[in-house]
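S.K.: In the working numbering, each number is its position in the sequence shown, counted from 1, plus 11.
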Amino acid sequence: MDVKILKIKKFFIIILLLIVSLLVICALYSNKNRFYNPEVIKYSQVTIDETTNLDEIISEYSKGENKEKFISEIKKVNNLSNLNDEFIYGKTLYIPLTE
């Protein structure tokens, strides 16, 4: 009887370890962008006016593969819902500088 209980305990421990391992792998996979994307080092201020074009700023400071992340970081830091020229004209925006 004791041998049977020990086998059942061992079986449940192995199943529990497998479930925990799968959960850890899923958590790491779902948050992989935190581990592989460049980090923001500091921020720069840019005032948007008639001489400043936001598309030029985005292409100058962002790399081609990180353009979407760069735009989302601008929206997040400046608390903006969109980046229309009419909406941001005359405002000072914080631009993230990455590694």
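Virtual Cβ for every residue (Gly too), placed ideally from N, Cα, C.
None of these values were measured; they are calculated from a predicted model.
Use the C-beta contact count for Ile-106: other C-beta atoms within 10 angstroms, 16 or more gives buried, fewer gives exposed.
M.R.: Buried is the call here.
S.K.: Near Thr-63, which residues of its chain fall below 8 Å by C-beta distance, leaving aside the five closest residues on each side in sequence?
M.R.: Val-57
S.K.: With a threshold of 7 Å on Cβ separation, who are the neighbours of Asn-89 within its own chain once the five nearest residues in sequence on each side are excluded?
M.R.: Leu-104 and Tyr-105
S.K.: Residues bridged to Ile-106 by DSSP?
M.R.: Beta-bridge pairing links Ile-106 to Ser-55.
S.K.: Report yes if the C-beta distance between Ile-69 and Gly-101 is below 8 Å; otherwise report no.
M.R.: no
S.K.: Beta-carbon within less than 8 Å of Leu-33's beta-carbon, same chain only, minus the 5 sequence neighbours each way: which residues are those?
M.R.: none
S.K.: For Ser-73, is the classification buried or exposed, using 16 other Cβ atoms within 10 angstroms of its Cβ as the cut-off for buried?
M.R.: buried
S.K.: Between which two residues does the alpha helix (DSSP H) containing Ser-32 stretch?
M.R.: Ser-32: member of the alpha helix (DSSP H) spanning 13-41, first to last residue.
S.K.: Count the other CB atoms, across all protein chains shown, that sit within 10 Å of the CB of Phe-22; report buried if there are 16 or more and exposed otherwise.
M.R.: exposed
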